[in-house]
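Protein chains in written order, with this note's numbering: chain A, 9 to 328; chain B, 704 to 994.
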Amino acid sequence: MTRSGRALALIGALLVALPAFAGTYALSVATLILWFAYAGQAWNVMMGFAGQLSLGHALYVGVAGYVAGGLFVHHGVPPVVGLPVAMIACTLGGLAIGSLAFRFGISGVYLALLTIAFAEFTRIGFDHLAWTGGPGGMFLKVGRHGAWDLLNFRGPPIMYYYAALILAALALALCARLSRSRVGFYWRAIREDEEAAKALGINVFRWKLGAVALSAAMTSVAGVFSAFYYNSLFPEQVFGIHRSIEIILGPIIGGVGTLFGPILGAAALTLLSDGITESFAALGWEISGIKQVSYGVVLLRVVMFLPRGIWPALARRLRL
Amino acid sequence: MSADLIANVVIAGVLTGLVYGLMALGLSVIFGVVRVVNFAHGEMMTVAMYAATVLFAGLGLGLDPFLAIIPVGAAFFVFGYALQWVVINPFVTRPEHAQFMLLVAVAIILVNALLAIFGPDARGVQTDYQLDSLAMGGILIDKTRLYAAGVALATALGLLVFFKKTRVGTAIRACADNHLGALIVGLHVRRLYALTFGIGAVCVAVAGCAMVALVDVTPSAGPAFTLLAFVIVIVGGLGSMAGALLGGVLIGVSEALAGLLVAPSAKSMFSFGLLIVVLLLRPRGLLGRKT
Numbered sequence: 009m010t011r012s013g014r015a016l017a018l019i020g021a022l023l024v025a026l027p028a029f030a031g032t033y034a035l036s037v038a039t040l041i042l043w044f045a046y047a048g049q050a051w052n053v054m055m056g057f058a059g060q061l062s063l064g065h066a067l068y069v070g071v072a073g074y075v076a077g078g079l080f081v082h083h084g085v086p087p088v089v090g091l092p093v094a095m096i097a098c099t100l101g102g103l104a105i106g107s108l109a110f111r112f113g114i115s116g117v118y119l120a121l122l123t124i125a126f127a128e129f130t131r132i133g134f135d136h137l138a139w140t141g142g143p144g145g146m147f148l149k150v151g152r153h154g155a156w157d158l159l160n161f162r163g164p165p166i167m168y169y170y171a172a173l174i175l176a177a178l179a180l181a182l183c184a185r186l187s188r189s190r191v192g193f194y195w196r197a198i199r200e201d202e203e204a205a206k207a208l209g210i211n212v213f214r215w216k217l218g219a220v221a222l223s224a225a226m227t228s229v230a231g232v233f234s235a236f237y238y239n240s241l242f243p244e245q246v247f248g249i250h251r252s253i254e255i256i257l258g259p260i261i262g263g264v265g266t267l268f269g270p271i272l273g274a275a276a277l278t279l280l281s282d283g284i285t286e287s288f289a290a291l292g293w294e295i296s297g298i299k300q301v302s303y304g305v306v307l308l309r310v311v312m313f314l315p316r317g318i319w320p321a322l323a324r325r326l327r328l
Numbered sequence: 704m705s706a707d708l709i710a711n712v713v714i715a716g717v718l719t720g721l722v723y724g725l726m727a728l729g730l731s732v733i734f735g736v737v738r739v740v741n742f743a744h745g746e747m748m749t750v751a752m753y754a755a756t757v758l759f760a761g762l763g764l765g766l767d768p769f770l771a772i773i774p775v776g777a778a779f780f781v782f783g784y785a786l787q788w789v790v791i792n793p794f795v796t797r798p799e800h801a802q803f804m805l806l807v808a809v810a811i812i813l814v815n816a817l818l819a820i821f822g823p824d825a826r827g828v829q830t831d832y833q834l835d836s837l838a839m840g841g842i843l844i845d846k847t848r849l850y851a852a853g854v855a856l857a858t859a860l861g862l863l864v865f866f867k868k869t870r871v872g873t874a875i876r877a878c879a880d881n882h883l884g885a886l887i888v889g890l891h892v893r894r895l896y897a898l899t900f901g902i903g904a905v906c907v908a909v910a911g912c913a914m915v916a917l918v919d920v921t922p923s924a925g926p927a928f929t930l931l932a933f934v935i936v937i938v939g940g941l942g943s944m945a946g947a948l949l950g951g952v953l954i955g956v957s958e959a960l961a962g963l964l965v966a967p968s969a970k971s972m973f974s975f976g977l978l979i980v981v982l983l984l985r986p987r988g989l990l991g992r993k994t
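Next comes the structure, spelled out in structure tokens:
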């Protein structure tokens, strides 16, 4: 086994054993980190591999949450059934947006703004639909708190932790496999030079669309997860631009286009934000906003000094 | 619904739209020259609005928001110049997502600094002429709104003259047209970029001072202004000055009519719908040139 393989196995074993010695709070933080690692990995398929910048991934988080949540609330459909429906809905949505955008040759900043526009359009639309409960939100009924009910995605915190861990591990395995596959090379060729990729006979339109569809499908699972984890959905919270930004901060800080960047970035940012909260609470500073200002300052420094992300710098240091 | 009412709403939409347009003009000028999308644009707008409320009420000066344009504009020029010179300049050649992240960090700092200093409550200015209006037949025009639109239009015209007639303005346009060529003929591109960002910041400052005469401001209003500015410049054409004003007016009217005919809370849905249609049919915007 290689050095990095051993390190990965050790981290994996630690994560599997974590609930044995972590408290409720630590477990919830770990669940959050894994959720962001998974969602970041999903975004990275589109941006890191295929080079298509989306700033509206909250769209898939929100649509998936509302589809699975709405089926559950209004029709009593268990999320085991709702999840594939949500995945199909998001994949179709991604395909629609992608085919419109790529058919008309939209890329770069324009694609980013188009994805924001679709997410915002949907957010305001959901604010005005009766089926979603509008801005008042949609609430998912919880039977007995903490009781195991896998069909309905209900269980104690440990169930959510392991679900997030499995999702993050599967996403990592999928991306590792994809990056070594033919598709992965097609995507990187498109990312580096679309015209050259076209000249080599790669069907650029089809593969870019494939990246969007896969990314949307993966993100939708994160959306269903968070809907049944928090048991409430508000358009402002699930579709808001801040949600899209949160999802992509991890991979960008960690390292766009790398396998471990999204995981490392999610861990670094969540721990940073919680660390700041804890230390300000310990200092007794209760001015709202101060926390986020420090977060922003740290973010600014990281982006300025590690423009390619933490992981590439760390990997070079560790000679991985 | 009477024709007078609709005419009133459309006129108010046009006037507010000109202020929107000036804000978006700042974004458009910065993108057109520096090729960086200023994701902190709306947050800078709220900072300008807060600055105007402080000069009006906070320090006991009672400075009219339309006069506050001068000190706030000067401060914003320095701020924009320094921001570009120190922070953004290394990112000019980096990929879009890195620029995005940098400006998101700036935006987070600005929003939360405002929150820490002023708290979450809305603030505004109460001038003694804020309820005055001009009556023409059945049409009433807010005086404040008219002043705001006039200031916005004057600033935009001033910029147009600057870019077309002065040597510095021409040099900036040269940087936008051909970065390498500008370097070859010996232009100090880094300084011109900083100057451009400063000018973009002045647009935001003027628009912010005019806007705070019309609406109240909260720290969390920033992202909505940023999105609004994006919608306007894409609709009008990113990099086109006349396009930004046209886009502002279109969005202003569409918001006003949507607020009247559908629901005020749904007004920006129409703007985003318009954005999607324009992006798909004319990706360079209504007045954008092909690059």
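Every residue, glycine too, gets a C-beta built ideally from N, C-alpha and C. Since the structure is predicted, the reported quantities are computational estimates derived from the model, not experimental observations.
- Non-local C-beta neighbours of A:Ala-176 in its own chain, meaning closer than 6 Å and more than five positions away in sequence, comprise Leu-42, Ala-45 and Tyr-46, ordered along the chain.
- Annotation for A:Gly-70: Val-246 and Phe-247 place their beta carbon closer than 6 Å to its own, counting only its chain and skipping 5 residues before and after.
- Excluding the 5 residues flanking it on each side, B:Ala-751 has same chain C-beta neighbours closer than 7 Å at Val-775, Phe-779, Val-907, Ala-908, Gly-911 and Cys-912, in chain order.
- At least one CB of chain B lies nearer than 9 Å to the CB of A:Ile-295.
- At a cut-off of 9 Å between beta carbons, B:Glu-958 makes no contact with chain A.
- Contact note: B:Arg-797 reaches chain A through Pro-315, using a C-beta cutoff of 7 Å and chain order.
- A contact between stretches requires three or more CB pairs, one per stretch, nearer than 8 Å, and the region 63-82 of chain A meets this requirement with the region 228-247 of chain A.
- The C-alpha of B:Ser-836 is placed about 23 Å away from the C-alpha of B:Leu-725.
- A:Ala-15 sits in a helix when the DSSP states are folded into three classes.
- Counting only the Cα atoms, B:Gly-942 lies some 54 Å from A:Pro-27.
- From the listed residues B:Phe-803, B:Ile-714, B:Asn-711 and B:Phe-782, the smallest Cα separation to B:Thr-899 is found for B:Phe-782.
- DSSP places A:Phe-134 in the helix class (H, G or I) of the three-state scheme.
- Using beta-carbon distances, B:Ile-811 counts as an interface residue toward chain A, with a partner under 9 Å.
- Pairing B:Glu-799 with B:Leu-890, the inter-Cα distance amounts to about 25 Å.
- Look at B:Arg-738 here: in three-state DSSP terms it is coil, with no helix or strand label.
- For B:Ile-842, there is no enclosing alpha helix (DSSP H); the residue is found in the beta strand (DSSP E) stretching over 842-845.
- With respect to the 9 Å criterion, A:Val-212 and A:Glu-200 are not classified as neighbours on the basis of their beta carbons.
- Secondary structure of A:Arg-316 (DSSP, three-state): coil.
- Residue range 836-839 is occupied by the beta strand (DSSP E) that includes B:Ser-836, with no alpha helix (DSSP H) assigned at that position.
- Under a criterion of Cβ atoms nearer than 8 Å, the residues of chain A adjacent to B:Ser-971 are, in order, Glu-128 and Ile-132.
- B:Met-747 is the residue among B:Gly-716, B:Met-747 and B:Met-804 whose C-alpha sits nearest the C-alpha of B:Gly-901.
- Taking B:Leu-764 as the centre and dropping the five residues before and after it, the same chain places the C-beta of Leu-758 closer than 7 Å to its C-beta, in chain order.
- Using a 10 angstroms sphere on the CB of B:Tyr-832, the tally of other CB atoms stays under 16, which defines it as exposed.
- A:Phe-134 is positioned such that its CB atom lies no closer than 9 Å to that of A:Gly-144.
- Look at B:His-744: its C-beta is not under 9 Å from any C-beta on chain A.
- For the pair of segments examined, the region 223-238 of chain A was found to touch the region 73-92 of chain A: the number of CB pairs separated by less than 8 Å reaches three.
- Approximately 5 Å separates the beta-carbon atoms of A:Gly-258 and A:Pro-270; this is inside 8 Å, confirming the contact.
- In the structure shown, the three-state DSSP call for A:Phe-242 is coil.
- Contacts with chain A (Cβ-Cβ distance below 9 Å) from the region 773-790 of chain B involve Val-790, listed in chain order.
- Fewer than three pairs of CB atoms, one per stretch, sit closer than 8 Å, so the region 276-296 of chain A makes no contact with the region 158-173 of chain A.
- The CB of B:Leu-978 comes closer than 7 Å to the CB of Ala-125 in chain A, given here in chain order.
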